[in-house]
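Here is the structure we will look at.
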Amino acid sequence: MKTAVITGGSRGIGRAIAFELLHRGITRLAITARTAEKLSEAKEALAAAGAEVLAFQADVRDRETMAAVVGETVNAFGRIDAWVNNAGAARRKLFLETSPAEWEEIIDVNLKGVLVCTAAVLPHMVANGKGVIVNIASGAGKVGFPELSVYCASKFGVVGFTESLAREVGGSGVKVYAVCPGSTDTRMYRSLYPEREPAAKPEEVARVVGRLVTGRLAAPPGRCVEVY
Ligand SMILES: NC(=O)c1ccc[n+]([C@@H]2O[C@H](COP(=O)([O-])OP(=O)(O)OC[C@H]3O[C@@H](n4cnc5c(N)ncnc54)[C@H](OP(=O)(O)O)[C@@H]3O)[C@@H](O)[C@H]2O)c1
59 MKTAVITGGS
69 RGIGRAIAFE
79 LLHRGITRLA
89 ITARTAEKLS
99 EAKEALAAAG
109 AEVLAFQADV
119 RDRETMAAVV
129 GETVNAFGRI
139 DAWVNNAGAA
149 RRKLFLETSP
159 AEWEEIIDVN
169 LKGVLVCTAA
179 VLPHMVANGK
189 GVIVNIASGA
199 GKVGFPELSV
209 YCASKFGVVG
219 FTESLAREVG
229 GSGVKVYAVC
239 PGSTDTRMYR
249 SLYPEREPAA
259 KPEEVARVVG
269 RLVTGRLAAP
279 PGRCVEVY
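Using our numbering, the first residue of the sequence shown is number 59, and each one after it goes up by one.
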């Protein structure tokens, strides 16, 4: 296990996952996000810590772009051992006050983005006969919360997709998991709930992802591992 790709790896939970995987010996890392500045900051920090890093300014909603991320990473690193679908978007709003454009953004990034990226990388992993995909879902993928209905719909979707896909590809050597964090101290959580204190640090979520990716956490494939 030497190479991993983390979507939304420029900040928050994704950035912490990149460092955690590096500390666990996964030294060839690719990170993706839309904002160039945060992406290159994270790239430099990872390189300074000893990683060989690729950074892609890439939107998880874009099929061609994500296919190119897979192709360029395989060209540079030889293979992709692990892929973490972490990029996400959220709004805290009553359903009837949420515009169709706002629903679409949340569903497209959180759910369709996971499908787009998985469709891009899975054939490569199946051909290799191994690989690990970790989908960052949420506690809001198991329980509904007011003002988060569309976000919950997207994350329940990720949990169901993970469970189904793990069963489909079980015989191929590819393992698929979901991780369901609770409130975690990131820009997303602080902007949703400025009046509350998050329960966990991004590093705590990252540690669980690191254990799953390296096989140190013996969860059944398809399982949503909760981090509270
Ligand atoms: N924080 C929490 O309490 C919490 C709890 C449960 C689950 N989660 C989940 O954990 C994941 C990470 O969240 P976070 O709290 O670390 O959020 P964050 O601090 O807002 O970071 C989100 C990351 O995703 C990237 N991103 C957003 N939209 C993207 C897109 N369309 N294409 C590519 N990259 C995109 C962001 O970079 P750009 O904006 O530059 O693209 C950033 O790197 C999300 O899936 C979130 O739903 C978070």
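By construction, the Cβ of each residue, glycine as well, lies at the ideal position given by its N, Cα and C atoms.
Discussion item. I'd like the ranges of any alpha helix (DSSP H) spanning at least 4 consecutive residues and lying wholly in the stretch 178-254.
Written reply: 207-226 and 245-250
Practice prompt. Whole angstroms is fine: what's the gap from Ile194's alpha carbon to Glu102's?
Written response: As a first step, residue 194 is located in the sequence shown; it is residue number 136 there, counting from the start. As a first step, residue 102 is located in the sequence shown; it is residue number 44 there, counting from the start. Approximately 24 Å between the Cα atoms of the pair.
Discussion item. Please list the terminal residues of the continuous beta strand (DSSP E) segment that includes Arg86.
Written reply: Position 28 of the sequence shown, counted from the first residue, corresponds to residue 86. Run containing Arg86: Arg86 to Ala91, per the beta strand (DSSP E) assignment.
Fill in: Helix, strand or coil at Ala276 according to DSSP, with G and I counted as helix
Your numbering for residue 276 matches position 218 in the sequence shown. Correct three-state label for Ala276: coil.
Fill in: Cα-Cα separation between Gly215 and Gly268, rounded to whole angstroms
As a position in the sequence shown, residue 215 is number 157, starting the count at 1. As a position in the sequence shown, residue 268 is number 210, starting the count at 1. Cα-Cα distance, rounded: 23 Å.
Practice prompt. Can you say whether Ala106 is buried or exposed, counting buried as having 16 or more other CB atoms within 10 angstroms of its CB?
Written response: On the sequence shown, position 48 is the one that residue 106 refers to. Exposed, by the Cβ-count rule.
Discussion item. What does the alpha-carbon distance come out to for the pair Thr93 and Gly146?
Written reply: Counting from one through the sequence shown, the residue named residue 93 turns up at place 35. Counting from one through the sequence shown, the residue named residue 146 turns up at place 88. Thr93 and Gly146: Cα-Cα distance of roughly 14 Å.
Fill in: From Ala62, Ala91, Arg281 and Leu79, residue whose alpha carbon lies closest to that of Gly171
Walking along the sequence shown from the start, residue 171 turns up at place 113. Checked all of Ala62, Ala91, Arg281 and Leu79; the closest Cα to Gly171 is Ala91.
Worksheet item: Should Arg86 go down as buried or exposed, given a rule of 16 or more other Cβ atoms within 10 Å for buried?
Response: Residue 86 sits at position 28 when you count from the first residue of the sequence shown. Buried is the call here.
Worksheet item: Do you know how far the Cα of Pro278 is from the Cα of Ala62?
Response: In the sequence shown, counting from the first residue as 1, residue 62 sits at position 4. In the sequence shown, counting from the first residue as 1, residue 278 sits at position 220. Ala62 and Pro278: Cα-Cα distance of roughly 21 Å.
Practice prompt. Could you tell me which uninterrupted alpha helix (DSSP H) segments, each at least 4 residues in length, are contained entirely in the stretch 76-146, listed from first to last along the chain?
Written response: 94-106 and 121-135
Practice prompt. Determine contact between the stretch 140-157 and the stretch 245-254, defined as no fewer than three beta-carbon pairs at a distance below 8 Å.
Written response: yes
Fill in: Beta-bridge partners of Ile64, as assigned by DSSP
What you label residue 64 is simply residue 6 of the sequence shown in a count that begins at 1. DSSP lists Ile89 and Val142 as the bridge partner or partners of Ile64.
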